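Residue 759 in my numbering sits at position 316 of the sequence shown; the count goes up by one each step and never skips.
Beta carbons are placed, not taken as given, at the ideal position from N, Cα and C, and that holds for glycine.
Note that the structure is predicted; figures quoted are calculated from it, not measured.
Inspection log for the structure reproduced underneath, given as structure tokens.
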Amino acid sequence: LDKAVRWRTQLLAKAGELIEAQGIRNVIVTGAPFGLMTHATELKKRFPQVRLVADFRDPWTWGHYYGQRLLSAKKQAQEQEQEAQVARVFDKLISPAPAIIEHLRKAYSGDPSRIVHVPHAIDPDELKNGSNSPLPGRGAGGEVFRMIYAGSLYGAEEAEAYFEQLLRAFENLHATRSEAFGRSLLDLYITGHDTSAYQQKVAARGLSERIRFHAPVPAREIFPKIAAADLVLIFIPSPNKDFLGTKFTEIFYLRKPVLHIGVPGFVSESIVGRKLGASVTVAQLAEELPRIMSGERVIDIDPHVDLSEHLLDAITEKLIREVLV
């Protein structure tokens with residue numbers, strides 16, 4: 444999984460060249476895995492004045508989502524030593540995930556100011572085509588209820604179970620509320636992998652007119668589509684239940700009702716607790732989604748929720764004040 448393991452020579456050469464030519468004072472290295480971070484620790488020997496910042500994006504040695512359990516005891520020990528080396532050498536450890544911050548503080552005690560929570564940022568300029576648009580009613584004049592799913596389908600078996608329940612939800616709606624079924628649409632912009640198997644399942648169930656697949660589009664193009672939707676579906680597999688990705692904050696800024704599908708955790712608590720949407724388990728989806736599509740269940744959100752800590756200006760200020768020199 445670590446594509447940087449053989450990139451030490453190239454990384455150190457290019458980074459050294461840029462540091463000298465540009466007078467760089469801070470080097471930020473993103474992980475895990477730890478190949479890049481481990482290689483970068485050697486920059487301290489040549490440039491002791493440079494500040495190294497480790498940007499942790501995923502659970503690694505303490506996680507189980509990326510196949511760590513398949514590693515031998517020796518390999519696992521090597522990964523743990525690399526993480527410890529990064530924690531010793533780097534000047535700052537940052538992460539957008541509170542769960543990762545908690546792990547780092549428990550595993551590597553010392554100066555608490557070295558470990559900083561830097562939330563995912565919202566760039567209003569990037570979202571300006573769809574930001575703060577008024578909430579649509581029951582679709583366009585009550586005629587269409589538009590839903591959207593944009594992103595990857597993580598989690599293999601869990602994703603398969605989620606998609607099956609999604610199909611059942613439409614079938615249940617068709618059987619019990621045919622009028623609502625005829626005006627409900629779900630547009631899928633799935634990234635990262637082939638969707639032909641999913642498309643075949645939709646066609647086999649006779650749902651191709653209601654569930655539509657689209658090619659992935661750039662962020663600036665997807666945001667207006669999200670802003671035009673009545674509901675945003677977000678499926679999160681259980682290993683990620685406590686990791687609030689950047690797409691959440693961007694959707695929140697667009698003031699769109701979110702339906703989180705997955706097991707309870709920090710993600711569901713954040714969405715429900717701040718009145719940003721609702722949460723259901725995969726097992727509940729086939730029953731609850733038809734109620735939402737028909738208008739029987741309404742998801743109320745707080746259009747005035749304070750997201751100022753996530754705005755790009757605030758994040759930049761925090762980086763300058765607490766992380767960079």
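Does the contact criterion of 3 or more C-beta pairs under 8 Å hold for the region 471 to 490 versus the region 520 to 529? Contact between the region 471 to 490 and the region 520 to 529 is present, with at least three C-beta pairs closer than 8 Å.
* Asked: Applying the criterion that 16 or more other CB atoms from any shown protein chain within 10 Å of the CB defines a buried residue, is E765 buried or exposed?
  -> Here E765 is exposed: its Cβ has fewer than 16 other Cβ atoms, across all protein chains shown, within 10 Å.
Could you check what DSSP says for T692 in three-state terms: helix, strand or coil?
Here T692 sits in helix by DSSP.
Subject >> Assumed close pair V470, L455 - CB separation to whole angstroms, cut-off 8 Å >> reply: Not really, about 11 Å apart at Cβ, beyond 8 Å.
**Request:** Thinking A726 and L702 are a contact (beta carbons under 8 Å), I'd like their distance in whole angstroms, please.
**Result:** At roughly 14 Å, the Cβ-Cβ gap does not stay under 8 Å, so A726 and L702 are not in contact.
- Item | CA-to-CA distance, I633 to A623, given in whole angstroms | Rounded to the nearest angstrom, the two C-alpha atoms are 25 Å apart.
**Message:** Does the contact criterion of 3 or more C-beta pairs under 8 Å hold for the region 644 to 656 versus the region 607 to 617?
**Reply:** With the cut-off at 8 Å, the region 644 to 656 and the region 607 to 617 touch.
- Item | Length of the line joining the Cα atoms of R500 and S627 | Taking C-alpha positions only, R500 is separated from S627 by approximately 36 Å.
Discussion item. Is it buried or exposed, I763, if we count other Cβ atoms within 10 angstroms and call 16 or more buried?
Written reply: I763 is exposed by the Cβ-count criterion.
- With distances taken between CB atoms, is the gap from K535 to R512 smaller than 7 Å? Between K535 and R512, the CB-CB gap reaches or exceeds 7 Å.
task = May I ask you to report which of helix, strand or coil DSSP gives Y632?
result = It is a strand residue.
### Query
Does H546 get closer than 7 Å to chain C when you measure Cβ to Cβ?
Given the protein chain composition of this structure (a single chain), no chain C is represented.
Which whole-angstrom value describes the C-beta separation of I591 and A672, a residue pair presumed to lie in contact below a C-beta threshold of 8 Å?
That belief holds up - the Cβ atoms of I591 and A672 are roughly 4 Å apart, short of 8 Å.
For I471, report the span of its beta strand (DSSP E) as first-last. Here the beta strand (DSSP E) through I471 covers N469 to G474.
Around the C-beta of L461, are 16 or more other C-beta atoms found within 10 angstroms, so that it is buried, or is it exposed? L461 should be labelled exposed.
**Prompt:** Taking Cβ to Cβ, would you say I677 is nearer than 7 Å to L697?
**Reply:** Not in contact: I677 and L697 (Cβ atoms no closer than 7 Å).
- Helix, strand or coil: how does DSSP classify Y641 here? Assignment of Y641 by DSSP, reduced to helix, strand and coil, places it in the helix class.
What are the start and end residues of the beta strand (DSSP E) that includes Y551?
Looking at the DSSP string, Y551 is not in any beta strand (DSSP E), and its letter there is neither H nor E.
Q | Where S651 falls: helix, strand or coil (DSSP) | A | The DSSP-derived three-state label of S651 is coil.
Original post:
Over what stretch of residues does the alpha helix (DSSP H) that includes R489 continue unbroken?
Top reply: Where R489 is concerned, the enclosing alpha helix (DSSP H) stretches over L486 to R489.
First and last residue of the uninterrupted beta strand (DSSP E) at A721: G720 to V723 is the extent of the beta strand (DSSP E) around A721.
Measure the beta-carbon distance from V715 to K684 and round it to whole angstroms, keeping in mind my assumption that it falls under 8 Å.
-> Incorrect: roughly 13 Å between the Cβ atoms, too far for contact.
Exercise. According to the Cβ coordinates, are M480 and V529 closer than 7 Å?
Worked result: Closer than 7 Å, so yes.
Return helix, strand or coil for S515, following the three-state DSSP convention. Assigned with DSSP and collapsed to three states, S515 falls in coil, not helix or strand.
Taking C-beta to C-beta, are H753 and P562 nearer than 7 Å? Taking the C-beta atoms as reference points, P562 is found nearer than 7 Å to H753.
Practice item. Determine the closest residue to V748 out of R531, G553, S713 and S595, with distance taken between C-alpha atoms. Key: Checking every option, the nearest Cα to that of V748 belongs to S713.
If I measure Cβ to Cβ from V723 and keep anything under 8 Å in the same chain, skipping five residues before and after, which residues do I get? Contacts found: L702, H703, I704, E731 and L732.
_Less than 7 Å between the beta carbons of M736 and F606, yes or no?_
Against a cut-off of 7 Å, the Cβ pair of F606 and M736 comes out as no contact.
- Message: Quick check on K699: buried or exposed, where buried means 16 or more other Cβ atoms within 10 Å of its Cβ?
- Response: K699 is buried by the Cβ-count criterion.
Practice problem: Apply the 10 Å Cβ neighbour rule to A497 and answer buried if 16 or more other Cβ atoms are within range, or exposed otherwise. | Solution: Counting Cβ neighbours within 10 Å, A497 comes out buried, since at least 16 surround it.
Self-check item: Segment limits, beta strand (DSSP E) that includes A497
Solution: Per DSSP, the unbroken beta strand (DSSP E) holding A497 starts and ends at R494 to F499.
Beta-carbon gap between F656 and L674 smaller than 7 Å: With contacts defined as CB atoms closer than 7 Å, F656 and L674 fail to qualify as a contacting pair.
Practice prompt. Mark P502 as exposed unless 16 or more other C-beta atoms lie within 10 angstroms of its C-beta, in which case mark it buried.
Written response: That one is buried.
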